Amino acid sequence: MAQRIDGIIPVMLTPFTDAGEIDYPGLDRLIDWYLDNGADALFAVCQSSEMQFLSLEERVQLAKAVVAKVAGRVPVVVSGHISDDLDAQVEELTAMAATGGDALVLVTNHLDPKNEGTEAFRRHLSHLLERLPRDIPLGLYECPAPYRRLLSDEELRLCIDSGRFVLLKDVSCDLATVERRLAIAEGSGLAIINANAAIARDAMRAGSPGFTGVFTNIHPDLYRWMRLSGDRHPELADELATFLVVAAVSEGLGYPAFAKMYHQRLGTFGSIRCRVIQYDVRERFWALDAVLDKVVAGTDAFRAKIAALPAE
1 MAQRIDGIIP
11 VMLTPFTDAG
21 EIDYPGLDRL
31 IDWYLDNGAD
41 ALFAVCQSSE
51 MQFLSLEERV
61 QLAKAVVAKV
71 AGRVPVVVSG
81 HISDDLDAQV
91 EELTAMAATG
101 GDALVLVTNH
111 LDPKNEGTEA
121 FRRHLSHLLE
131 RLPRDIPLGL
141 YECPAPYRRL
151 LSDEELRLCI
161 DSGRFVLLKD
171 VSCDLATVER
181 RLAIAEGSGL
191 AIINANAAIA
201 RDAMRAGSPG
211 FTGVFTNIHP
221 DLYRWMRLSG
231 DRHPELADEL
241 ATFLVVAAVS
251 EGLGYPAFAK
261 MYHQRLGTFG
271 SIRCRVIQYD
281 VRERFWALDA
291 VLDKVVAGTD
301 AFRAKIAALP
311 AE
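Per UniProt numbering, the sequence shown runs over residues 1 to 312.
Rendered as structure tokens:
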């Protein structure tokens, strides 16, 4: 049976130098930070990693670097699935499968690039499953770019019935959909991991075994505590859930540069350079540093409240 991959799964940033090259020493420090702050697995070479702006060679080298640094301490899942052309998809996914990751994640919109429906999805999926190595477990990601392509229940069952998939990064942002998918996947070995902060606590209580939203780049430990201990401290967990929702709204203020500002403050890496953002985030989003100040203060306050709880 394939290794189960669940829990708090940060969607990894890619640190760049000011010159725009991948900052590998900064990447090493970032990985240590994730692992020191509650990550149960890592999702490398994803949208938060700016995968659409990395060459295939860069995607491969980035995945290899993450796998080497993690050294088996937690599972590493990799994507880098950015092409619409099927031959190009086979090339990139085969290359990513060889990087040593514990699972290879397929992006749902590239399985139906023209949004034609289930038959196109089935045809593209079958083509890939016949050509990808059978010894690596697969995942699914409803990536919002270039368009959000949610799985239908029929398509989810199709993936489950293949026996190849262990993980769905759910981007439905809808609790009822998460609950329905959990029921469909029950007993299958497929983990339905919600990625939306607004429903994070409710999805966990419904049975979603983790969280993989963008603010795992700011406070993964708080999501981990909410998952593992929230039901024993419901008032604090509900208060925390509200803070996490409000904090996550700042994703719209120049992410991933916003998260890189946080790590620049921590000393994880030195630059907030992004390839996906070609503008000055501080000029476009006024008082951005003040917003980050409040997110940091709230994060620290909840960490202190949790630390003050009686030992369990």
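The C-beta atom is built at its ideal place from N, Cα and C for all residues, glycine as well. None of these values were measured; they are calculated from a predicted model.
Neighbourhood of residue i by C-beta, 7 Å cutoff - its chain only, sequence neighbours within 5 removed
{"i": "V67", "result": "V76, T99, G100, G101"}
{"i": "A297", "result": "none"}
{"i": "F269", "result": "P15, D23, G26, R29, L30, H263"}
{"i": "I277", "result": "G254, A257"}
{"i": "N37", "result": "P220, D221"}
{"i": "A65", "result": "Y24, L27"}
Best match in the options for proximity to residue i [C-alpha to C-alpha]
{"i": "R164", "options": "S172, L150, L132", "result": "L132"}
{"i": "A145", "options": "G267, L175, D84", "result": "D84"}
{"i": "A247", "options": "M96, C159, V291, A307", "result": "V291"}
{"i": "A71", "options": "G252, A41, I9", "result": "A41"}
{"i": "V60", "options": "G38, Y34, L240, E91", "result": "E91"}
{"i": "R303", "options": "E239, Y262, D221", "result": "D221"}
{"i": "L140", "options": "T94, H219, E239, L156", "result": "L156"}
{"i": "H219", "options": "L27, V74, A19, L35", "result": "L35"}
{"i": "P137", "options": "L190, D87, H124, D300", "result": "L190"}
{"i": "G267", "options": "G20, E21, P25", "result": "P25"}
{"i": "D289", "options": "R275, C143, Q264, S49", "result": "Q264"}
{"i": "A311", "options": "H233, R273, R282, T299", "result": "H233"}
{"i": "E21", "options": "K294, Y279, D300, I272", "result": "I272"}
{"i": "V107", "options": "E58, R73, E142, D161", "result": "E142"}
Cβ shell of residue i (< 6 Å), same chain only, five flanking positions each side left out
{"i": "M1", "result": "Unreliable positioning characterises M1 in this predicted model, as indicated by a pLDDT of 49, which lies under 50. The coordinate reading is nonetheless provided below. Correct list: empty, nothing qualifies."}
{"i": "I306", "result": "W225"}
{"i": "L244", "result": "A197"}
{"i": "I192", "result": "L168, D170, R181, L182, A185, S208"}
{"i": "G254", "result": "V281, F285"}
{"i": "L62", "result": "V45"}
{"i": "L111", "result": "F121, H124, L125"}
{"i": "K69", "result": "D28, I31"}
Where residue i falls, given that 16 or more other Cβ within 10 Å makes a residue buried
{"i": "R196", "result": "Per the sequence shown, residue 196 should be read as Asn rather than Arg. When all chains shown are included, N196 counts as buried."}
{"i": "V249", "result": "exposed"}
{"i": "D6", "result": "buried"}
{"i": "G117", "result": "exposed"}
{"i": "Y147", "result": "exposed"}
{"i": "T242", "result": "exposed"}
{"i": "S79", "result": "buried"}
{"i": "L151", "result": "buried"}
{"i": "L128", "result": "buried"}
{"i": "M96", "result": "buried"}
{"i": "G252", "result": "exposed"}
{"i": "N115", "result": "exposed"}
{"i": "K294", "result": "exposed"}
{"i": "Y279", "result": "exposed"}
{"i": "G187", "result": "exposed"}
{"i": "R275", "result": "exposed"}
Element boundaries [beta strand (DSSP E), containing residue i]
{"i": "G139", "result": "138-141"}
{"i": "residue 318", "result": "With the chain covering only 1 through 312, there is no way to say anything about residue 318."}
{"i": "A44", "result": "42-44"}
{"i": "I193", "result": "191-194"}
{"i": "F165", "result": "165-170"}
{"i": "V105", "result": "103-107"}
Where the alpha helix (DSSP H) containing residue i begins and where it ends
{"i": "A68", "result": "56-70"}
{"i": "I22", "result": "That residue, I22, is in no alpha helix (DSSP H); it is neither H nor E in DSSP."}
{"i": "residue 336", "result": "No answer is possible for residue 336: it lies beyond the span of the chain, which begins at 1 and ends at 312."}
{"i": "K114", "result": "Segment: none, K114 is in no alpha helix (DSSP H) and carries neither H nor E."}
{"i": "M51", "result": "Where M51 is concerned, there is no enclosing alpha helix (DSSP H), given that its DSSP letter is neither H nor E."}
{"i": "C159", "result": "153-162"}
{"i": "Q3", "result": "Per DSSP, Q3 belongs to no alpha helix (DSSP H) and is neither H nor E."}
{"i": "P220", "result": "220-229"}
{"i": "Y262", "result": "257-266"}
{"i": "D87", "result": "86-97"}
Beta-carbon proximity list for residue i, same chain, < 8 Å, skipping 5 on both sides
{"i": "L175", "result": "I199, D202, A203, A206"}
{"i": "T212", "result": "I8, I9, P10, V11, F43, K169, I193, N194, A195"}
{"i": "D231", "result": "R205, A237"}
{"i": "V166", "result": "A2, Q3, R4, I5, A103, P137, L138, G139, G189, L190, A191"}
{"i": "T177", "result": "L150, D170"}
Within-8 Å CB hit, residue i to chain B
{"i": "A248", "result": "Here chain B cannot be found, since the structure has a single protein chain."}
heavy atom of the ligand ADP below 7 Å from residue i C-beta
{"i": "A259", "result": "This structure simply doesn't include the ligand ADP, nor any ligand for that matter."}
> On the three-pair Cβ rule with 8 Å, is the region 5-19 touching the region 47-55?
Replying inline: yes
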